[in-house]
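Student: Following this message is one structure expressed as structure tokens.
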Amino acid sequence: MAFFAGQKLRASDLNNITFGAEQGEWTILANLALSTPTLINNWTPYVGTNPATISGISHSSGVFTVTRGGIYVTSLAIRYSATTADRYCFIAGTGSSDIWAKSSTPSAASGINTSCAVTKRIAAGGTIRMYGYAGSATNAIHESGAELVTGCTIYYAGP
Numbered sequence: 412m413a414f415f416a417g418q419k420l421r422a423s424d425l426n427n428i429t430f431g432a433e434q435g436e437w438t439i440l441a442n443l444a445l446s447t448p449t450l451i452n453n454w455t456p457y458v459g460t461n462p463a464t465i466s467g468i469s470h471s472s473g474v475f476t477v478t479r480g481g482i483y484v485t486s487l488a489i490r491y492s493a494t495t496a497d498r499y500c501f502i503a504g505t506g507s508s509d510i511w512a513k514s515s516t517p518s519a520a521s522g523i524n525t526s527c528a529v530t531k532r533i534a535a536g537g538t539i540r541m542y543g544y545a546g547s548a549t550n551a552i553h554e555s556g557a558e559l560v561t562g563c564t565i566y567y568a569g570p
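Counting the sequence shown from 1 gives a position; this note's numbering is that position plus 411.
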């Protein structure tokens, strides 16, 4: 933001240039059954290696709400328990039909991980949802220790 001679600097102007105030990292509390598109709703704050301090983002029943409008960088990584069918993950806004980013792994692939990320402008009070699904019943796996898998991150990138 540029300022000109004689222009007053307001606190709100400074608040709008402070990046990183809204942030968080979460992992699932326990394995979660997936088949049809499933809202991942058992998130818990990530406490592994160098976790982000959760600030300015609330979470309830699988829905993250941002308190401040702006550009956010969001990521999702899911580890599946089986490779017998196609596996998908996606990041959405207001619900499963408002998809912002999506990724998949075909059943023939040997990998059991999918991930996606998006940079998106979100209004104050806007919501973010994370989904996983598979062509046949499988679980999103909670890894132990310092791993952020299955996990998600949300970071404010700017106004």
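Glycine is no exception: its CB is placed at the ideal position from the N, C-alpha and C atoms.
1) Apart from the five residues just before and just after I533, which ones in its own chain have a Cβ nearer than 6 Å to its Cβ?
2) Hey, how far is the Cα of T449 from the Cα of I510?
3) Skipping 5 residues on each side, what residues in its chain have a beta carbon closer than 8 Å to that of A488?
4) Have a look at V474, N461, A548, G506 and flag the residue whose alpha-carbon is nearest the alpha-carbon of R498.
5) Let's test the definition: count the other Cβ atoms within 10 Å of the Cβ of G435 and tell me whether it reaches 16, buried, or not, exposed.
6) Relative to the alpha-carbon of P462, which residue among G569, A568, G556 has its alpha-carbon at the smallest distance?
7) Which term fits A503, buried or exposed, when burial requires 16 or more other beta carbons within 10 angstroms of its beta carbon?
8) Nearest CA to the CA of H553: which residue from G417, I439, K419?
9) Near A512, what residues of its chain come up, given a Cβ to Cβ distance below 7 Å and the 5 sequence neighbours on each side ignored?
10) Could you name each continuous beta strand (DSSP E) segment of 3 residues or more that falls completely within the segment 505 to 557, going from the start of the chain to the end?
11) Put G473 into one of helix, strand or coil per three-state DSSP.
12) If you follow the beta strand (DSSP E) that Y457 is in, where does it begin and where does it stop?
13) In three-state terms, what does DSSP make of V484?
14) I believe N442 touches Y491 by the beta-carbon criterion, under 8 Å. Please report the beta-carbon distance rounded to the nearest angstrom.
15) Can you name, in chain order, every residue of its own chain whose Cβ lies under 7 Å from the Cβ of S507, other than the five neighbours on each side?
Tutor: In short:
1) V477, Y483
2) 13 Å
3) C500, N524, T525, S526, L559, V560, T561, G562, C563
4) A548
5) buried
6) G556
7) Classification for A503: buried.
8) I439
9) Residues F501, I502, C527, A528, V529 of the same chain have their beta carbon placed closer than 7 Å to that of A512, with the five preceding and five following residues left out of the count.
10) 510 to 516, 524 to 533, 538 to 545, 549 to 551
11) coil
12) Taken as a continuous stretch (DSSP letters only), Y457 belongs to no beta strand (DSSP E), as it is neither H nor E.
13) strand
14) The pair is not a contact, with the Cβ atoms about 10 Å apart (cut-off 8 Å).
15) P448, Y542
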